[in-house]
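Listed in order, the protein sequences are those of chains A and B. Going by the UniProt record's numbering, 28 is the number at position 28 of the first sequence; the sequence numbering is gapless. Going by the UniProt record's numbering, 155 is the number at position 155 of the second sequence; the sequence numbering is gapless. The beta-carbon is built from N, C-alpha and C at its ideal position, and this holds for glycine as well. No experiment lies behind these values; they were computed from the predicted model shown.
Protein chains: 2
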Amino acid sequence: MAPRKEVFEGVEWRIRVAADGSSEALVPATGLARKAWLGLKGLISGFALKVRMFVKKAWDVGTNDPRKVIHCIKVGLALAIVSLFYFMRPLYDGVGGNAMWAVMTVVVVFEPTVGATLYKCFNRVLGTFLAGFLAVGVHWVASQSGERVEPFVVGASVFLLASAATFSRLIPSVKSRFDYGALIFILTFSFVAVSGYRVDKLFELAHHRISTIIIGSSLCILVIMLVCPIWSGQELHSLIVRNMDKLADSLDGCVTQYFNQSGEGTNSKEEATDNKLQGYKCVLSSKASEESMANFGRWEPSHGQFNFRHPWKQYLKIGASMRSCAYCIEALNSCIKSENQAAKLIKQHLGSGCLKVSSSSSNVIRELAETVKTMKKKSSTTDLLAEEMKSAVQGLQNDLKTIPHLLNPSAIPGNKTLETACSEATTPTVTLMELVPVVTLASILTEISGRIEALVDAVEELAKLADFGINDDKSKHSKMTDKTVSDAKQQTEGTMKALQRV
Amino acid sequence: MAPRKEVFEGVEWRIRVAADGSSEALVPATGLARKAWLGLKGLISGFALKVRMFVKKAWDVGTNDPRKVIHCIKVGLALAIVSLFYFMRPLYDGVGGNAMWAVMTVVVVFEPTVGATLYKCFNRVLGTFLAGFLAVGVHWVASQSGERVEPFVVGASVFLLASAATFSRLIPSVKSRFDYGALIFILTFSFVAVSGYRVDKLFELAHHRISTIIIGSSLCILVIMLVCPIWSGQELHSLIVRNMDKLADSLDGCVTQYFNQSGEGTNSKEEATDNKLQGYKCVLSSKASEESMANFGRWEPSHGQFNFRHPWKQYLKIGASMRSCAYCIEALNSCIKSENQAAKLIKQHLGSGCLKVSSSSSNVIRELAETVKTMKKKSSTTDLLAEEMKSAVQGLQNDLKTIPHLLNPSAIPGNKTLETACSEATTPTVTLMELVPVVTLASILTEISGRIEALVDAVEELAKLADFGINDDKSKHSKMTDKTVSDAKQQTEGTMKALQRV
């Protein structure tokens, strides 16, 4: 906005001078120079502002995740170390000008996470080896076939192998594991096979290339694993736990907000709540990152709580299960924002049931998050909470069944509470249209609880595959669960009280 | 399966011999050899089966999208052409051993689409230029500072610039446009700056590197644009149109199936319908590919119906809008599969309204798909269909309003049709629980129609930005729309008839 304003100010000023008119003959020259000067000033200040904004954005990137800055320093460090090859004579004498390949290897294989770096190193070494052997073979065949035919043999082999290797990159199972390796295969094969036509010491070239790549790769692996390592697997694990908490917050918050709309809140608190409510959107959009992390995770050795063959693929299933819940929360959100307003009477009638379902459902999700986070099975607690959720759903269904009486109160003889409630409400008989939003909400909540059961199964499958221990730290754990449950209860009660005041 | 069976057969045979007992002394040797032979046979046949399955998968990849095969041939072709550099003496003499850089450029910048290749070429050339200039400057400064200090100046500059460039790759706005360029910058800078310490003819090296990269890039651009070009923009355009059709099919199909569950269908037909119903899942999962296509699309020159600065970003908005519809269809699907069965009476009562909403909504989506596909605005038709959708929604709301009479038929004096319907049904009075699924379905359908209106706005915005023409081919167009509408009407009528028979 601001740079535009500056430019506009310049233009505005120019018009004022032109409108002056008194010194019209002189104005064009002065005006032009001034115009140019002001235009230039505007451009410069606009540019400066852009630069400032860019620097601010960059600063935010760095402060939001300091590990990114550490990654950059690690890249610089690895490159500075590998440059030593060039500067130290004994090393230079060993591999000669080919030391450059070590530098190149560091530049292209160094990735932010250990898994991605290992994947690239392994692929680079494997691709180079395979291509090197094949290329030397092809070169030998070509050199036996006479000088005139040689270029054609080499050219044809490059064409065929490059096409085949490119095709292999398009097959999903190859792509997920060896995409980079296939690229390096094509690169090395073309390099060695074609060089063979001009370079005499082909074996030496291939040997140097392979050894420098191994040196570069080893250096990368050392730096990435020793200096503040970031593990893909650990990242995936944390992402799943974080997303589960976000899902629980969204579900809880959005139902509570609906039944508590009359309750006042400060603006800043509302903003924080809004952020919480939107948390499920992170779940919706994290599929791609989950997949790449799981893909790189399997290259990582045992680290922290995770073994070498930790079932990363199961995390993808948990992620998919969470997304299926998030789709429903999206529908829930839209039904909450719907234009059809529900009758207060119905809101009162179903409020407690809906809040119970949402809070018990989110408790299950939070408990699952805790299970995944600590990697300790607490099946009894999960089962208990899941049972609580099921009974809450059953309660909501029962509440739904009693609604027809509200539609026509005279049909229930002697039902005092309901009759009192009806007489207190402004509209004694509720129309079906006023009922639709809450009924929809209730039935989406029921669906969500069903999907959470699938999520429980997925987490249990993970616990089985990854051999989660039993959490014996009973006192601490039960205290935590109790706290969660009591927090949720308190929240529900508060909302219910607010509801009573409506 | 088969390899396991083979292995098992071998084991079975060994046990039989051991049970024989009569020639026990001789058995171990023969048994071991046979066992080894059979085990080897099993391994080989298992491997052969794996290879066969892999080849089948590869064949499927090729036959499903022949353009992938063409892409592979293009890569081979480009590499074979660039190899000529090495084989033809005049060219080789021009750039010497550095001709290898042209080969490497072709290998790494050749991508399946024109946009991606242009992006990489541009980034590679720009990164190389910038880094080359900087590195030569740094080399000059270093060489002035004395032989002992030189390695440290070079090392420090590599460390600083590599860290800074790596950091820039983590800033989203830089990443989306110059990620590859920053990588190449680091690569070239390290290469030239560090080489400067050992190589005398540094200018020549930088010059050769830049000219070979330009040669390689130009060749790639020529091949990718002249031989069966695949445009990212065109792909994105088709993907959006295809997804719109899928969305319309899913929406239509899933509501029709729900109200037509009693209607029989052959198995193969059901399978085809199921595939159609699942179409919305493609919409849910195509965010990442849409983004990368839009990203590459902006590098592409004018092609086909698209100008250089075609508003590709607006396609992302349309995609997001479609996904928001797809979330609701997901919820719709789950509500259709819900365990609570709706009463037949209610299904009959709301069926026609729901079917009208779904068919008019999908007509709007199909019309939008047609608009995007032909890039011709037919605002009158879209408006007409949108109006039709709105009035269908209004009709459904009215139908909902009359439901309470079904809950208590005696309340409506003289409403013959409804009373007849009630007396025909097995349960004269419907419980609310039997009503919940249909009410939920109706309210999700209403929500979907609201989201489709947002989609209409997004497409209209695209029409404005991309300056869509007016479709003057009236007869053809109205014929098409008429066909769509009449098809939908026929379908609705058929379902309604089936519904009457229930």
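Sub-9 Å separation of residue i and residue j beta-carbons
i	j	result
residue 395 of chain B	residue 357 of chain B	yes
residue 232 of chain A	residue 296 of chain A	yes
residue 365 of chain A	residue 452 of chain A	yes
residue 244 of chain B	residue 293 of chain B	no
residue 432 of chain A	residue 400 of chain B	yes
residue 458 of chain A	residue 363 of chain A	no
residue 186 of chain A	residue 107 of chain B	yes
residue 257 of chain A	residue 277 of chain A	yes
residue 353 of chain A	residue 442 of chain A	yes
residue 194 of chain B	residue 86 of chain A	yes
residue 80 of chain B	residue 129 of chain A	no
residue 361 of chain B	residue 326 of chain B	no
residue 117 of chain A	residue 215 of chain A	no
residue 331 of chain B	residue 330 of chain A	yes
residue 282 of chain A	residue 246 of chain A	yes
residue 224 of chain A	residue 69 of chain A	no
residue 468 of chain A	residue 347 of chain A	no
residue 355 of chain A	residue 403 of chain A	no
residue 445 of chain A	residue 174 of chain A	no
residue 367 of chain A	residue 376 of chain A	no
residue 299 of chain B	residue 122 of chain B	yes
residue 279 of chain B	residue 324 of chain B	no
Coarse secondary structure for residue i, derived from DSSP in three states
i	result
residue 310 of chain A	coil
residue 470 of chain B	strand
residue 425 of chain A	For residue 425 of chain A, the predicted structure reports a pLDDT of 40, less than 50, and the residue's modelled location is therefore unreliable. The matter cannot be settled from this model.
residue 24 of chain A	Any reading at residue 24 of chain A must be qualified, since the residue scores a pLDDT of 43, below 50, and its modelled position is unreliable; the value itself is stated next. Of the three classes helix, strand and coil, the one that applies to residue 24 of chain A here is coil, per DSSP.
residue 348 of chain B	helix
residue 333 of chain A	helix
residue 201 of chain B	coil
residue 343 of chain B	coil
residue 217 of chain A	helix
residue 321 of chain B	helix
residue 338 of chain A	coil
residue 503 of chain A	Shown here, chain A extends from 1 to 502; a query on residue 503 of chain A therefore has no answer.
Residue of the options minimising C-alpha distance to residue i
i	options	result
residue 184 of chain B	B:173, B:253 and B:168	B:168
residue 241 of chain A	A:65, A:251, A:257 and A:315	A:315
residue 164 of chain A	B:337, B:338 and B:75	B:75
residue 125 of chain A	A:148, A:301, A:78 and A:217	A:217
residue 304 of chain B	B:141, B:139, B:373 and B:102	B:373
residue 132 of chain B	B:204, B:149, B:273 and B:150	B:204
residue 172 of chain A	B:60, B:465, B:450 and B:44	B:60
residue 237 of chain B	B:229, B:290, B:226 and B:346	B:290
residue 72 of chain A	A:112, A:42, A:254 and A:52	A:112
residue 335 of chain B	A:64, A:333, A:440 and A:49	A:440
residue 120 of chain A	A:176, A:280 and A:398	A:176
residue 109 of chain B	B:308, B:52 and B:78	B:78
Anticipated Cβ contact below 8 Å, residue i with residue j, distance rounded
i	j	result
residue 83 of chain A	residue 252 of chain A	Between residue 252 of chain A and residue 83 of chain A the Cβ distance is about 54 Å, and since that is not below 8 Å, they are no contact.
residue 189 of chain B	residue 135 of chain B	5 Å
residue 127 of chain B	residue 206 of chain B	Not really, about 13 Å apart at Cβ, beyond 8 Å.
residue 447 of chain B	residue 338 of chain A	7 Å
residue 343 of chain B	residue 435 of chain B	7 Å
residue 230 of chain A	residue 101 of chain A	Contact doesn't hold; Cβ gap of about 26 Å is too wide.
residue 369 of chain B	residue 456 of chain B	The Cβ separation is near 12 Å, so there is no contact.
residue 311 of chain B	residue 466 of chain B	5 Å
Minimum length 4: unbroken alpha helix (DSSP H) runs contained in the segment 145-182 of chain B: 150-168
What ranges does the alpha helix (DSSP H) occupy inside the segment 222-253 of chain A, keeping only unbroken runs of at least 4 residues that lie completely in it? none
Secondary structure, alpha helix (DSSP H): runs of 4+ residues fully inside the segment 355-407 of chain B: 379-401 and 403-407
Runs of 3 residues minimum, wholly inside the segment 26-89 of chain B: which ones carry the beta strand (DSSP E) assignment? none
Residue ranges of each beta strand (DSSP E) run of no fewer than 3 residues wholly in the segment 98-142 of chain B, ordered along the chain? none
May I have a chain-ordered list of the alpha helix (DSSP H) segments no shorter than 4 residues that lie completely inside the segment 274-309 of chain B? 280-284 and 287-297
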